[in-house]
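What follows is one structure encoded as C-alpha cells, with my remarks underneath.
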Amino acid sequence: MKKIAVTGIIASGKSVVCNVIEKLGGEVIYTDKINSELLLDKDYILKLAKIFPNAVQNGVVLKEAIRKQIIENDSKRQALNSLAHSEIKQRVEKIVSQFNGKKIFCEIPLIVESNMVDYFDEIWCVVADNNVRINRIVARDKVSELDAKRILECQKSERQLIKIASEIIENNGDIKKVEERVKELINR
C-alpha cells in the first residue's frame, strides 16, 4: 500500500485536490475531520482544558478562544500542537492499518509539525499565490485582509513544504488544471 500526504499551507486548496482524488475513486483521510472528532472526545477535552482553562466551558471547547491564544502565544501553540498532533497521528495510523487498498491519501496541513513526514511514501504539496490564499481566507473565514495576513504568518513557509514534497500541485483557481495534474499523478 502507498501512503500519500496532501499538504500545503492554509488556503492553498488542499480540499479541492482531495475532492478531485475522491471523485477519481481515491480514499482520503482528513486530519481536520479527526481534529473535529477530538474536540468532542471527553478525555481529549480534559487534556485541552489543562492547557486552555478559559477555553473549555462545561465540557465544550471554545475554538475561537483557543485560536486567539495560539496566535498570541507561541508556547500555547506548541503545547496545543504537541497534544493534537500526537492524537491525530495515532488515529491516522489506526485508519491506515485497517485499509486494504493500493493507495490511501491523507490531507494533512501540518505534516512537519506532526512529525509525519517520514510516515508517508509521497508528499504532494498544494501551492497557491499569496494573494489568492489571502482572498480565500477572507471569504471563507469572514475576516479582514489584515487578519488573513496574520493567520498566514503563523504558518510554516510554503518553501519549507516544497522542499519535502515529492510532487507540487498548483491551485490558483483553475479547477481543470488541478484535475489534470491530479489525474496525471494518480495514473503514473
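So the sequence shown is numbered by this note's numbering: it starts at -15 and just counts up by one. For each residue, glycine too, the CB sits at the ideal point set by N, CA and C. All figures in this text were calculated on a predicted structure; none of them were measured in a lab.
For A(-11), the enclosing beta strand (DSSP E) covers residues K(-14) to T(-9).
Contact check for I152 against A(-5) fails: the beta carbons are separated by 9 angstroms or more. Here A(-11) is buried: its Cβ has 16 or more other Cβ atoms, across all protein chains shown, within 10 Å. Rounded to whole angstroms, the Cβ separation of V4 and V162 is 6 angstroms, and the two are in contact under 8 angstroms. Sequence-distant Cβ neighbours of A33 in its own chain, meaning closer than 7 angstroms and more than five residues away, are V40. Cβ neighbours of V116 within its own chain (closer than 6 angstroms, five residues either side excluded): N156. Minimum Cα-Cα distance from I92 among the listed residues N171, C109 and F83 corresponds to C109.
For Y14, the enclosing beta strand (DSSP E) begins and ends at E11 to Y14.
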